[in-house]
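Asks: Got a structure for you, written out below as structure tokens; questions coming shortly.
There are 2 protein chains.
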Amino acid sequence: MNTRHHEERLTDIARLIRYYILKATTHAGSGHPTSSLSATELMTALVFGGIFRYDPNNPDHPNNDRIIFSKGHASPLYYAIWAAAGRLSEEDILTYRQFGSSLEGHPTPAFRYVDAATGSLGQGLSIGVGMAINAKYLDKLPYRTYVLLGDSEMAEGSQWEAIQIAAHYKLDNLIGILDVNRLGQRGETMYGHDLEAYGKRIRSFGWKTLLVDGHSISEVRAALMEIDERSDRPIMIIAKTIKGKGVSFVEDQNGFHGKALSEEDLDKALKALGNVDTSLRGEIKAPEDIRPPSMESGSAGRIDYTGEESVPTRNAYGNALNRIYARFPRIVSIDGEVSNSTRAAYFKKEHSERFFEMYIAEQNMAGVALGLSCRGKIPFASSFAAFLSRACDQIRMSQYSDADIKFVGSHGGVSIGQDGPSQMGLEDLAFFRTLFGSIVLYPCDAVSTERLVEEAAAYRGIAYIRTTRMATPILYDADESFPIGGSKVLKQSDSDAATVIAAGVTVHEALEAWQTLQESGVSIRVIDLYSVKPVDVDTLKRAAAETDHLITVEDHSAQGGLADAVREALTLEAVRLHALAVRKKPKSGKPRELLEFEEISGKAIVEKVKELVDG
Amino acid sequence: MNTRHHEERLTDIARLIRYYILKATTHAGSGHPTSSLSATELMTALVFGGIFRYDPNNPDHPNNDRIIFSKGHASPLYYAIWAAAGRLSEEDILTYRQFGSSLEGHPTPAFRYVDAATGSLGQGLSIGVGMAINAKYLDKLPYRTYVLLGDSEMAEGSQWEAIQIAAHYKLDNLIGILDVNRLGQRGETMYGHDLEAYGKRIRSFGWKTLLVDGHSISEVRAALMEIDERSDRPIMIIAKTIKGKGVSFVEDQNGFHGKALSEEDLDKALKALGNVDTSLRGEIKAPEDIRPPSMESGSAGRIDYTGEESVPTRNAYGNALNRIYARFPRIVSIDGEVSNSTRAAYFKKEHSERFFEMYIAEQNMAGVALGLSCRGKIPFASSFAAFLSRACDQIRMSQYSDADIKFVGSHGGVSIGQDGPSQMGLEDLAFFRTLFGSIVLYPCDAVSTERLVEEAAAYRGIAYIRTTRMATPILYDADESFPIGGSKVLKQSDSDAATVIAAGVTVHEALEAWQTLQESGVSIRVIDLYSVKPVDVDTLKRAAAETDHLITVEDHSAQGGLADAVREALTLEAVRLHALAVRKKPKSGKPRELLEFEEISGKAIVEKVKELVDG
């Protein structure tokens, strides 16, 4: 087929795609048709123009090119593409946004050709960075990652994090396609149709840019074909487009964002589209059938802290990555410029090819983790617990992608000391508890940390591990097991006056309190609730039944953490619970001073127990 | 004093400042001296070189220039500056990082010359944007805002959000001073000492840049004095510096980030510094004594929804801003490109000079809110509840600045419908509950929304208001009051079988359930828990005492929201609580379908009550 004939065919396919976009959204009564119409030629040229390489019969083929719709609200376009490819019928398309349909309002992996859920703007490029890093440095495959971007979402700083990192890692296998349709949700964007405004900014960060008429299939194809040269630079195709293109009465007009056409207007629009050949099908070029080298997995090494008394759990994290890597060769470690603090540096030292510095850009780090997860890796993404909160929206979104990501937050709590509150994670347990299917782990010693890092790696889903800055005594034998959802009863007797439930740093405070109280003839039960989610309901119920008072003590906000988790577990048990937690705005000071100030120290526990037992 | 003499004096002051930096950190045994030393000439030239204008006797003077240390870990430098200004003694300086000292590890407003707490990198420029917007567009004063930036933190996307917005708003009264010392925490930054790498990027975004030798006081002064021309462009002074400058054995070397010198090394360093005249004092130029026009406050208008049956609470939010503005003329509305959805657009229409579009850049929006709050405004920052999670780190940090900010998250819950989970706020109540002194409000109708927006404006601190997308029936009379920490008992009798505690959209589900149950002869108590934090403990206790079953129902994650808040309030009451919440990963669908799917509908409540009453 000659080029002109080919491009006429692509034009017909684009018409068919517009047909599907309009029908889907009008039938749903909602959606973003104008945002989908502006990118129609871009995607048509890419997917059906012989550039995109994908085997629809094998969505998981490791060498498939990837597409991410960072502008997730253009989902009607994405589904229309697959209908034009013959993978969805018109009937399927008309289930758009219906309850139970895989064609959701914004793309989710419910639809087999979606890798990662999008819809919260400004996140797709980071996901693409993760997939491109995987291709270039891990799987070492030639597949490309294409990210469809909207212009409004370029205001999101996360995009510029991705842009910087992509250039730094020379990701010439990452292609952004920027749909500059001028109009945001409530008006014109900052730069309107000034393509060069985007061009000069993106070029200044080291990308190659190509400016095109986004509705000229031949220009778009030509730009995409220019990408064949390897240049060590990521590529941004910057396309001038018209929002609502193809429906003249909404083209380039404000006020039509997120509005489906009425039935009447749909009729008008379809008539104006002209002849739509619904039997038309686009061809997608197949990928090269190359696969990455298979990874043999072996066994994890043995835990050995012989001769050591106190070790920071953050050190144990770094040690654990090295120890378990043979068992989980899909592990990748990424960190936000603090690997010497989080101890991800231990792993970087032994397996530098499996470690990627993410610099001070946590949002991008979370997106990269998702991209790596989509490509079958097990990312361990670490920073200070406090700074993971920079990525809450990305982490929130990753729960809708069936992501398999392990987040590790070091420097939990006030007990970090003199650096003060800006560095203290105090809300992290609360946030990670809210995520569907997440597990939240807060080990108190090196041995349990090592075991739980291994459990987290084996767990399929989002895991959060909180580590501690200071050294804490080793409590457990190297061969003890720490199942998710379990706990450890460290002290118990037949006459426990109260139960103290702690995790992480406060376990040691509780043990100190136990000692002090023993000397007064008072026994307490001490539970190490290392699994904050899910919690060990049975052990907690037993403690509630067998002891008169329950006390939680946590180096965390009073809301959302241990106390809330225990109350949730015992919600049908009608128990009283006394919660010691960080209730006062913390400040600089020595760790011990701060634990006392916040009344979560051994001393505070003793006082609370005495108050309850005596009163 | 001639220039050369003046600059020699500044050199002596810089020496004194180095003396304080080294002594403070060694005495504390921790801190970031090398990061402070690299910016010493920069700050000396600025503060004492006749450029910075500030009255130390009046830190709140409205026309003072402002300084923000975005690289908050250079706090030793900040305190040393004020010691050199005669506002701290050496004895004060030696309390650095001690518990109870106002000189914390990272700056907080505990120290009178700090406006906003910093220390989580990449946030200072946004705070500066807020202060500069205030100067240029609100107070209309000539003061300037200077932000000291580190090079590593330029990887943070939030900085690029600020850079874009600053250029867009022509903030030529905002001066960034970028300390390019080449070394991050664990190694070299992406661009090392390549000043032009920063220069071209920042210029591409529309700033003016000046490249200087950061240790040449004369070059730095000359650059700062060039700023006198008004250019409609923000200015970035990009300075080549040496990390650890002034202590030869650590200068420009990796491995010394965040390390205080030992006593022995301190001796060496101080000797090498040479003669330090600790009696030396730097002069700070006074500001022009101009004040903004005083704002007269009047009364809020009357609430009037006569003739309306159902109104979305998000509409009531927009109406409320207009209604209460006369009472709170310090209100400023900022929104993240969704004002037509959040209805901040209603206020923009009436008071366009008090509204600032923040585009799709929520991190920057939260920082701007903090900057505005520091300058005495009452910012209402709105977006979808889900997208406020983009700014969790900034919001977390604002709690350490005694910030007075109102965050408004629309589109809470699964009940937004077909757009699907990317747009659904499901974790927002949990996050805002964790903040010190925060109030969390979730009104169910237009009247209560109007009242609570007013209460939030009057409250001094961080407030979060969650609004709903769909229209909901008006339940309350226009003259009812809704105190913070209160609740409304909508239905009660002497024979309530159970209490249903709801908020927002689920209040209406609960009322529907009440009706259905009445028809079966079962009475339930219905509580509108519009104040999720603090909660109405007395009403909840009474309900626990007087009814056999407590049920919470929320369009929110099962963790961290209503259920946890009620359990926290009743933690000493030994009650059972049944929690209906969003427990299944949501999807697209009609609002009604999703409420049923998540079992938080009227029907689900009826079933739960029957199960408890019968079983």
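Chains as they are written, first to last, in this note's numbering: chain B, 60 to 674; chain F, 60 to 674. In this text, a Cβ means the ideal position worked out from N, Cα and C, and glycines have one as well.
Using only alpha-carbon positions, find the residue among S497(F), G661(F), V672(F) and E513(F) that is nearest to G580(F).
Replies: Taking the second sequence and counting its residues from 1, the one referred to as residue 580(F) is at position 521. Measuring from the Cα of G580(F), the nearest candidate turns out to be V672(F).
Asks: So, is D363(F) buried or exposed, given that buried needs 16 or more other C-beta atoms within 10 angstroms?
Replies: Reading the second sequence from its first residue, position 304 is the one you call residue 363(F). By the 10 Å Cβ count, D363(F) comes out exposed.
Asks: Just list the residues that DSSP pairs E416(B) with in beta bridges.
Replies: Working through the first sequence from its first residue, we reach residue 416(B) at position 357. For E416(B), which the question treats as bridged, DSSP gives the partners D394(B).
Asks: Name, in chain order, the residues that DSSP records as bridge partners for R112(B).
Replies: In the first sequence, the residue the question calls residue 112(B) occupies position 53. Answer is K344(B), bridged to R112(B).
Asks: Assuming S217(B) is part of the alpha helix (DSSP H), what are its boundary residues?
Replies: Sequence index remark: in the first sequence, residue 217(B) carries index 158 (1-based). From DSSP, the alpha helix (DSSP H) with S217(B) extends over G216 to H227.
Asks: One question on the structure: do N10(B) and R245(F) come within less than 8 Å of each other, judged by their Cβ atoms?
Replies: The structure shown has nothing for residue 10(B), since chain B only spans 60 to 674.
Asks: Does any C-beta atom of chain B lie closer than 8 Å to the C-beta of R402(F)?
Replies: Along the second sequence, one-based indexing puts residue 402(F) at 343. False, the Cβ-Cβ gap to chain B never drops below 8 Å.
Asks: Buried or exposed for P92(F), please, with buried defined as at least 16 other CB atoms from any protein chain shown within 10 angstroms of its CB.
Replies: Stepping through the second sequence from its first residue, residue 92(F) is reached at position 33. Buried, because 16 or more other Cβ atoms sit within 10 Å of the Cβ of P92(F).
Asks: Taking only beta-carbon positions, decide if C433(B) is within less than 8 Å of chain F.
Replies: If you number the first sequence from 1, residue 433(B) lands on position 374. Taking Cβ atoms only, chain F never reaches closer than 8 Å to C433(B), which makes this a no.
Asks: In chain B, what lies closer than 8 Å to Y418(F) by C-beta?
Replies: For the purposes of this step, residue 418(F) is taken as the residue at position 359 of the second sequence. Here the neighbours are S211, A214, G243, T248 and M249.
Asks: Residues in its own chain within less than 7 Å of H120(B) by CB, not counting five upstream and five downstream?
Replies: Here residue 120(B) corresponds to residue number 61 of the first sequence, with the count starting at 1. These residues qualify, in order along the chain: D114 and P346.
Asks: K299(F) bridges to which residues according to DSSP?
Replies: Within the second sequence, numbered from 1, the residue matching residue 299(F) stands at position 240. In DSSP, K299(F) forms a bridge with V239(F) and D272(F).
Asks: Whole-angstrom Cβ separation of L96(F) and V279(F), contact assumed at under 8 Å?
Replies: As a working mapping, residue 96(F) is identified with position 37 in the second sequence. As a working mapping, residue 279(F) is identified with position 220 in the second sequence. That belief does not hold up - the Cβ atoms of L96(F) and V279(F) are roughly 15 Å apart, past 8 Å.
Asks: Leaving out five residues on either side along the sequence, give the residues of the same chain with a beta carbon under 6 Å from the beta carbon of I222(B).
Replies: Counting from 1 along the first sequence, the entry for residue 222(B) is found at position 163. Cβ within range, chain order: F264.
Asks: Using a Cβ-Cβ distance cut-off of 8 Å, determine whether K550(B) contacts chain F.
Replies: Taking the first residue of the first sequence as position 1, residue 550(B) is located at position 491. By this cut-off, K550(B) is not an interface position.
Asks: Below 8 Å between beta carbons: does that hold for R361(F) and G377(F)?
Replies: Mapped onto the second sequence, residue 361(F) falls at position 302. Mapped onto the second sequence, residue 377(F) falls at position 318. Going by C-beta atoms, R361(F) is not nearer than 8 Å to G377(F).
Asks: What three-state label does DSSP hand R63(F) in the structure shown?
Replies: Residue numbering aside, residue 63(F) sits at position 4 when the second sequence is read from its first letter. The answer is helix: DSSP assigns R63(F) an H, G or I state.
Asks: Listed in chain order, which residues of the stretch 253–283 of chain B have Cβ atoms closer than 7 Å to some Cβ of chain F?
Replies: So the list reads K259, R260, S263 and F264, given in the order they occur along the chain.
Asks: Counting only Cβ pairs nearer than 8 Å, list the residues of chain F close to F128(B).
Replies: The residue you call residue 128(B) lines up with position 69 of the first sequence. Residues of chain F passing the Cβ test: none, with the nearest at roughly 11 Å.
Asks: Here's a check: name, in chain order, each residue in its chain whose Cβ is nearer than 8 Å to the Cβ of R626(F), leaving out the five neighbours to either side.
Replies: In the second sequence, counting from the first residue as 1, residue 626(F) sits at position 567. These residues qualify, in order along the chain: L636.
Asks: What is the rounded straight-line gap between the Cα of G435(F) and the Cα of P480(F)?
Replies: Mapped onto the second sequence, residue 435(F) falls at position 376. Mapped onto the second sequence, residue 480(F) falls at position 421. Taking the straight line from one Cα to the other gives about 37 Å.
Asks: Can you tell which of S442(B), P201(B) and R77(B) has its C-alpha closest to the C-alpha of I152(B)?
Replies: Here the question's residue 152(B) lines up with position 93 in the first sequence. The candidate whose alpha carbon is nearest that of I152(B) is R77(B).
Asks: Count the other CB atoms, across all protein chains shown, that sit within 10 Å of the CB of N116(B); report buried if there are 16 or more and exposed otherwise.
Replies: Residue 116(B) sits at position 57 when you count from the first residue of the first sequence. By the neighbour-count rule (16 or more Cβ atoms within 10 Å), N116(B) is not buried but exposed.
Asks: So E513(F) and A375(F) are in contact, right, with Cβ under 8 Å, and what is the actual spacing, rounded?
Replies: Numbered from its first residue, the second sequence carries residue 513(F) at position 454. Numbered from its first residue, the second sequence carries residue 375(F) at position 316. Going by Cβ atoms, the distance from E513(F) to A375(F) rounds to 11 Å, so no, they are not a contact pair.
Asks: Tell me the start and end of each unbroken beta strand (DSSP E) in the stretch 131–191 of chain F that is at least 3 residues and wholly inside, in chain order.
Replies: You should have found no qualifying run.
Asks: For H410(F), would you say it is in contact with chain B, using Cβ-to-Cβ distances shorter than 8 Å as the test?
Replies: Here residue 410(F) is taken as the residue at index 351 of the second sequence, counted from 1. No, H410(F) does not count as interfacial toward chain B.
Asks: Quick one: complete beta strand (DSSP E) runs, 3+ long, within the stretch 499–586 of chain F?
Replies: The stretch 499–586 of chain F contains these whole beta strand (DSSP E) runs: 522–525, 530–532, 547–550 and 555–561.
Asks: Taking 7 Å as the limit between beta carbons, can you name the residues of its chain near T394(F), skipping five residues before and five after?
Replies: Here residue 394(F) is taken as the residue at index 335 of the second sequence, counted from 1. According to the sequence as given, residue 394(F) is Asp; it is not Thr. Here the set comprises T401, A403, E416, M417, S441 and S442.
Asks: Quick test of your reading: S647(F) and Q477(F), contact by CB under 8 Å. State the CB separation rounded to the nearest angstrom.
Replies: Within the second sequence, numbered from 1, the residue matching residue 647(F) stands at position 588. Within the second sequence, numbered from 1, the residue matching residue 477(F) stands at position 418. Going by Cβ atoms, the distance from S647(F) to Q477(F) rounds to 5 Å, so yes, they are a contact pair.
Asks: Considering V591(F), what are the terminal residues of the beta strand (DSSP E) in which it resides?
Replies: Sequence index remark: in the second sequence, residue 591(F) carries index 532 (1-based). Note, V591(F): beta strand (DSSP E), S590 to K592.
Asks: Helix, strand or coil for A319(F), going by three-state DSSP, please let me know.
Replies: Walking along the second sequence from the start, residue 319(F) turns up at place 260. Note: A319(F) maps to coil in three-state DSSP.
Asks: Exposed or buried, which one is F107(F) when buried takes at least 16 other CB atoms within 10 Å?
Replies: Position 48 of the second sequence, counted from the start, is the residue given in the question as residue 107(F). By the 10 Å Cβ count, F107(F) comes out buried.
Asks: Quick one: give me the first and last residue of the alpha helix (DSSP H) that S263(F) is part of.
Replies: Counting from 1 along the second sequence, the entry for residue 263(F) is found at position 204. Counting along the chain, the alpha helix (DSSP H) containing S263(F) begins and ends at L254 to S263.
Asks: For my contact list, I286(F) and N122(F) are in at a C-beta cut-off of 8 Å; report their separation, rounded to the angstrom.
Replies: Position 227 of the second sequence, counted from the start, is the residue given in the question as residue 286(F). Position 63 of the second sequence, counted from the start, is the residue given in the question as residue 122(F). Not confirmed; about 17 Å, so no contact.
Asks: Comparing the C-beta of R601(B) with each C-beta of chain F, is any distance below 8 Å?
Replies: Mapped onto the first sequence, residue 601(B) falls at position 542. No - not a single Cβ of chain F is within 8 Å of the one on R601(B).
Asks: Going by the CB atoms, is the gap between S497(F) and G520(F) shorter than 8 Å?
Replies: Here residue 520(F) is taken as the residue at index 461 of the second sequence, counted from 1. Here residue 497(F) is taken as the residue at index 438 of the second sequence, counted from 1. Yes, Cβ-Cβ distance for G520(F) and S497(F) is below 8 Å.
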